[in-house]
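Undergrad:
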Ligand code: ADP
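In my numbering, the protein residues as written are 5 to 427.
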């Protein structure tokens, strides 16, 4: 059994996969768990990512869940802890980044950590403590209008300071550019000054690679998924295809799509135009009592042995608005998620062993319906989306391959490319 080197706590599901994907690319073998597993679960991986759903829940609940995850990670021997949040530092005015960091620091009995949401490959950079989203400052980007976590201040030192009683400081771009020794020296100086959390500037992968060695002795790192690329080098790991190796893919191929994003609409259209077998799930028919789940599964049953099938609720904004006007936004969403999750389970029971799910919430519902508790992370299909392998009591072989794609991820030919990559 491999020693668990890095134990990660992610504040949402797709963010957890994003982090796991970066760790695999940097050479670590990674398992992602859905929620905190019970103590009987053992893992054989260099890193474990516990996916929570704690970004916008009440502070006390986020703290309790994170501490629970910490206890489990320590029970499996994790040597360093990584608290992962969004690369746009998504938080409510009360937290949860500051309070969760405070609680983890206390539990780990440490007086210092860093905070760095930078992910330059995805356009998230930090300069002089200010977070940029592409070419815009955070508070000028679309994030200022986010329904749950509107970000109206781009100065992360200020944002984090408003969420914690500990002193927050900065490790600026000049120090980072001077390399690991200079960063370590700055950490020493900040500690002497009584600073306990330091926002770190990073505008390139080179910055993240320079930061990695300086974090080696910290019990806790808090960051987006970008900082992860610099950590495997601390334990002598280098990028290697073996890190993402999965068992051989078996079974039929299917796609279940509940995302209505621009990218997913284009991916569905591409698959259909390319002659792929596709079944459209109509929410209004469902609301009228039609057993759409059985219809879809019966349709799929006749085709899955010959070619991949696509079952989709994906629709253009006008159609989605019309459904929402009739059924209500939340009700429509839940009804469709529930139906697609039942379809995913039915497909697994009918021999599908390679499943793509499009949509963040849809993925969560499908993973739950499939009874999946943890997944081994495999090779990247598109940035942020890896193939995974997971045990499921509903899968014919007892396990299956899954690709969980959130909203706007992936190129137009994602559905076809993903299966090609697996064979
Ligand atoms: P994304 O990652 O693109 O945000 P999600 O799965 O997270 O995708 O969210 C899409 C939401 O839209 C889900 O709640 C899903 O059930 C719902 N939905 C999907 N298709 C339709 C439709 N045709 N009409 C209304 N709602 C839909």
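Glycine included, every Cβ here is placed at the ideal spot set by N, Cα and C. Given the structure is predicted, the values throughout are model-derived calculations rather than measurements.
Mind listing, in chain order, the continuous beta strand (DSSP E) runs of no fewer than 3 residues lying wholly within the segment 188-246?
TA: You should have 199-204, 224-227.
Undergrad: Taking all protein chains shown into account, do 16 or more other C-beta atoms lie within 10 angstroms of the C-beta of residue 88, making it buried, or fewer, making it exposed?
TA: Burial call: buried.
Undergrad: By alpha-carbon positions, which one of 341, 228, 293 ends up nearest to residue 261?
TA: Nearest C-alpha to residue 261: 341.
Undergrad: According to DSSP, is residue 177 part of a helix, a strand, or is it coil?
TA: Residue state, collapsed to three classes: helix.
Undergrad: Along the chain, where does the beta strand (DSSP E) containing residue 381 start, and where does it finish?
TA: From DSSP, the beta strand (DSSP E) with residue 381 extends over 378-386.
Undergrad: Give me whichever residues DSSP pairs with residue 44 in a beta bridge.
TA: Residue 44 pairs with nothing; no bridge assigned.
Undergrad: With a threshold of 16 other CB atoms inside 10 Å of the CB of residue 67, please say whether the residue is buried or exposed.
TA: Buried, since its Cβ has 16 or more Cβ neighbours within 10 Å.
Undergrad: What is the DSSP secondary structure of residue 272, counted as helix, strand or coil?
TA: Three-state DSSP puts residue 272 in a helix.
Undergrad: Would you kindly work out how many angstroms separate the C-alpha atoms of residue 327 and residue 337, rounded to a whole number?
TA: Each residue's alpha carbon lies about 10 Å from the other.
Undergrad: Secondary structure at residue 347, three-state DSSP: helix, strand or coil?
TA: Note: residue 347 maps to helix in three-state DSSP.
Undergrad: Please identify the residue among 46, 206, 396, 289 whose C-alpha is closest to the C-alpha of residue 118.
TA: Minimum Cα distance to residue 118 is reached at 206.
Undergrad: Give the single residue among 294, 319, 427, 271 whose Cα lies nearest to the Cα of residue 254.
TA: Of 294, 319, 427, 271, the residue nearest in Cα terms is 427.
Undergrad: Taking its Cβ as the centre, do 16 or more other Cβ atoms sit within 10 Å of residue 403, making it buried, or is it exposed?
TA: That one is buried.
Undergrad: Can you tell me which residues form a DSSP beta bridge with residue 11?
TA: Residue 11 pairs with 52, 85.
Undergrad: May I have the straight-line CA-CA distance separating residue 4 from residue 356, to the nearest angstrom?
TA: Outside the shown range of the chain, which is 5 to 427, sits residue 4, and nothing can be said about it.
Undergrad: Let's see if you can read the secondary structure: which residues bound the alpha helix (DSSP H) around residue 101?
TA: Residues 101-112.
Undergrad: Between which two residues does the beta strand (DSSP E) carrying residue 390 extend?
TA: 389-395 is the span of the beta strand (DSSP E), which, as asked, contains residue 390.
Undergrad: For residue 33, which of 370, 368, 386, 241 has the nearest alpha-carbon?
TA: Checking every option, the nearest Cα to that of residue 33 belongs to 241.
Undergrad: Roughly how many angstroms separate the alpha carbons of residue 296 and residue 316, rounded to a whole number?
TA: Cα-Cα distance, rounded: 11 Å.
Undergrad: Cα separation between residue 366 and residue 155?
TA: Going from the Cα of residue 366 to the Cα of residue 155 covers about 26 Å.
Undergrad: Residue 288: buried (16+ other C-beta within 10 angstroms of its C-beta) or exposed?
TA: Classification for residue 288: exposed.
Undergrad: Spatial neighbours of residue 312 within its chain, please: CB distance less than 7 Å, with the 5 preceding and 5 following residues excluded, ordered by chain position.
TA: For residue 312, where only same-chain residues beyond five positions count, the Cβ hits under 7 Å are 257, 258, 259, 280, 423.
Undergrad: Return yes when the Cβ of residue 263 is within less than 8 Å of the Cβ of residue 362, no when it is not.
TA: In this structure, residue 263 lies closer than 8 Å to residue 362 by Cβ.
Undergrad: Given residue 283, which residues of its chain have a CB within under 6 Å of its CB, disregarding the five upstream and five downstream residues?
TA: Counting only Cβ-Cβ distances below 6 Å, and skipping sequence neighbours, we find 300, 303, 315.
Undergrad: Which partner residues does residue 264 have in the DSSP bridge list?
TA: Answer is none; residue 264 lacks a bridge partner.
Undergrad: How many Å lie between residue 335 and residue 369 at the Cα?
TA: Cα to Cα, the separation comes out at about 14 Å.
Undergrad: Return yes when the C-beta of residue 268 is under 7 Å from any heavy atom of the ligand ADP, and no when it is not.
TA: Because some heavy atom of the ligand ADP lies under 7 Å away, the Cβ of residue 268 counts as near it: yes.
Undergrad: Are the Cβ atoms of residue 166 and residue 134 separated by less than 8 Å?
TA: In this structure, residue 134 does not lie closer than 8 Å to residue 166 by Cβ.
Undergrad: Please say whether residue 374 and residue 396 have beta carbons closer to each other than 8 Å?
TA: In contact: residue 396 and residue 374 (Cβ atoms closer than 8 Å).
Undergrad: Within the 8 Å Cβ cut-off, does residue 282 reach chain D?
TA: Among the chains of the structure shown, chain D does not appear; only one protein chain is present.
Undergrad: Heavy atom of the ligand ADP less than 7 Å from the Cβ of residue 317, yes or no?
TA: Indeed, a heavy atom of the ligand ADP lies less than 7 Å from the Cβ.
Undergrad: Given 7 Å as the limit, tell me if residue 323 has its C-beta closer than that to any heavy atom belonging to the ligand ADP.
TA: True, at least one ligand heavy atom lies under 7 Å from that Cβ.
Undergrad: Report yes if the C-beta of residue 336 is less than 7 Å from at least one heavy atom of the ligand ADP; otherwise report no.
TA: Correct: residue 336 has its Cβ closer than 7 Å to the ligand ADP.
Undergrad: Closer than 7 Å to a non-hydrogen atom of the ligand ADP - does that hold for the CB of residue 255?
TA: Incorrect: residue 255 has no Cβ contact closer than 7 Å to the ligand ADP.
Undergrad: Give a yes or no on contact between the segment 173-186 and the segment 98-115, applying the rule of three or more CB pairs nearer than 8 Å.
TA: These segments do not touch.
Undergrad: For a quick check, are the C-beta atoms of residue 265 and residue 26 less than 8 Å apart?
TA: No, the Cβ-Cβ distance between residue 265 and residue 26 is not below 8 Å.
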